[in-house]
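Worksheet: the structure to be examined is printed underneath.
Residue numbers (the UniProt record's numbering): 1 to 232.
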């Protein structure tokens, strides 16, 4: 039994043996010095939920108001990444998760065509292109420049598209310049070599990579390796 036996209702538990606890049992430890009445708490899930709600309510509003929606979206995206762990790196970009649940537009890869029509997402537009905020930004500043003309990917580009690509680049540069506070920030403008989202789009992304949506190595590599092709 040892020098500090444990007992239940004053009956010592033999060494290397177990006893099934039931509600109401009195558990004694350390030579019966410390009695504990056994109770089982039901609906622990609800209790945990209440505790989490209390913790959430205690946070100061100004600490979370700005990034709350982005962090929620990114958490959902991370869950989807776990489900898709066997997919290749090319199939797990942020844009892939952006519209995976939008059954109304069909396959998730068509999601950019919906976002570019959303006034809430638009930052700038003219008769040739539209600039939208990336729904799951991988840096503090991350925009997408998309042409109104339907071009599925880089493979669909032809020589007649050169002027359009130049215009997209110039618009991206203008977006950076319009934000005077970003004049000293370093940016890159470019494309993913094998994009997962249909419809060609130019990434305009700051190099701080300060974002709750930048969660794993795949996200990092998609903007810091040769997978990312500079526009110029």
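Cβ atoms here follow ideal geometry from the backbone N, Cα and C, with glycine treated the same way.
It should be emphasised that the depicted structure is a prediction, and the values quoted were computed from it without experimental measurement.
CA-to-CA distance, residue j to residue i, given in whole angstroms
| i | j | result |
| --- | --- | --- |
| residue 135 | residue 74 | 9 angstroms |
| residue 47 | residue 201 | Here residue 47 scores only 49 on pLDDT, less than 50, and its place in the model should not be relied on; the value that follows carries that caveat. Near 47 angstroms, if we compare the C-alpha coordinates of residue 201 and residue 47. |
| residue 195 | residue 177 | 27 angstroms |
| residue 164 | residue 152 | 14 angstroms |
| residue 10 | residue 215 | 54 angstroms |
Identity of the residues DSSP links to residue i by a beta bridge
| i | result |
| --- | --- |
| residue 132 | 122, 144 |
| residue 190 | 203, 230 |
| residue 7 | 12, 28 |
| residue 212 | Partner(s): none; residue 212 has no beta bridge. |
| residue 233 | No answer is possible for residue 233: the residues shown for the chain start at 1 and end at 232. |
Sub-9 angstroms separation of residue i and residue j beta-carbons
| i | j | result |
| --- | --- | --- |
| residue 38 | residue 22 | yes |
| residue 129 | residue 167 | yes |
| residue 227 | residue 193 | yes |
| residue 175 | residue 223 | no |
| residue 35 | residue 26 | yes |
| residue 145 | residue 131 | yes |
| residue 116 | residue 110 | no |
Residue i, buried or exposed, once every other Cβ within 10 Å from all chains shown has been counted against 16
| i | result |
| --- | --- |
| residue 159 | exposed |
| residue 28 | buried |
| residue 156 | exposed |
| residue 18 | exposed |
| residue 172 | buried |
| residue 232 | exposed |
| residue 138 | buried |
| residue 206 | buried |
Beta-carbon separation (whole angstroms), residue i vs residue j, contact threshold 8 angstroms
| i | j | result |
| --- | --- | --- |
| residue 233 | residue 143 | The requested residue 233 is not part of the displayed model; the chain covers only 1 to 232. |
| residue 230 | residue 188 | 6 angstroms |
| residue 211 | residue 112 | Contact flag wrong, Cβ pair sits at about 19 angstroms. |
| residue 5 | residue 16 | Their Cβ separation, rounded to whole angstroms, is 12 angstroms, which puts residue 5 and residue 16 out of contact at 8 angstroms. |
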